[in-house]
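Counting from 232, one number per residue, gives the positions in the sequence shown under our numbering. From the three backbone atoms N, C-alpha and C, an ideal C-beta is built for every residue, glycine too. Worksheet for the structure shown next.
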Amino acid sequence: MSLKIRLARAGSKKRPYYHIVIADARSPRDGRFIEQVGAWNPMLPKDGERVKLDEERLQHWLSHGAQPTDRVLRFLDQAGIAKRDTRANPTKALPGKKAQERLAAAKQAEEAAAAKKAADEAAAAEAANAPAEEAAS
232 MSLKIRLARA GSKKRPYYHI VIADARSPRD GRFIEQVGAW NPMLPKDGER VKLDEERLQH
292 WLSHGAQPTD RVLRFLDQAG IAKRDTRANP TKALPGKKAQ ERLAAAKQAE EAAAAKKAAD
352 EAAAAEAANA PAEEAAS
C-alpha cells in the first residue's frame, strides 16, 4: 500500500479549507483517509496561523514511508520536519533576450560612468597636489 501525505479539501464554495491527511494513493482526493495530521486554512491573513501540523504523527508516517505531495512538502520544509530540494531550472529564471540586452547596456553605462568619475577624481587630486609641489620648490 502506497501512502501519501496530501491535502483533502473541505470548506464551502470559494472558502477553501484543507485537511492534511495520510491516505492510500489510490483513494480519491476527498475520500477515505487513514489519519488526519494537520490543517491548512489559506483564507487566514497571517502566515503563522494558516498551517497546523501534528509533528509527532508526521514523523511517524514519514518513517513508515509516506510520501508528501509538493504542497505538503512545502509546509513540512517550513516547519523543519522534512527537507525540500531546491528547484534547479536556471534557464527558467533568466529574463528574456531583450531584457538581458537592456541589463548589459545599463551595466556598461554604469561602469563607464564609474570609470569617468574615478578619472575626474584622480585629475582633481593631481591638480590639488601640483600647485603645492610648485610652491614648495
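Distance from the CA of residue 351 to the CA of residue 332, rounded to the nearest whole angstrom, comes to 28 Å. Straight across, the Cα-Cα distance linking residue 263 with residue 296 is about 19 Å.
DSSP, read as helix, strand or coil, puts residue 302 in helix.
Taking 8 Å as the upper bound for CB-CB distance, residue 270 and residue 250 are in contact here, some 6 Å apart. In this structure, the CA atom of residue 242 is about 5 Å from the CA atom of residue 248. When 339, 347, 268 and 278 are compared, the shortest CA-CA separation from residue 236 is found for 268. Cα atoms of residue 256 and residue 233: separation of roughly 6 Å, rounded to the nearest angstrom. Residue 240 places its beta carbon 8 Å or farther from that of residue 266.
Beta-carbon to beta-carbon, residue 299 and residue 313 are separated by about 7 Å, close enough to satisfy the 8 Å threshold.
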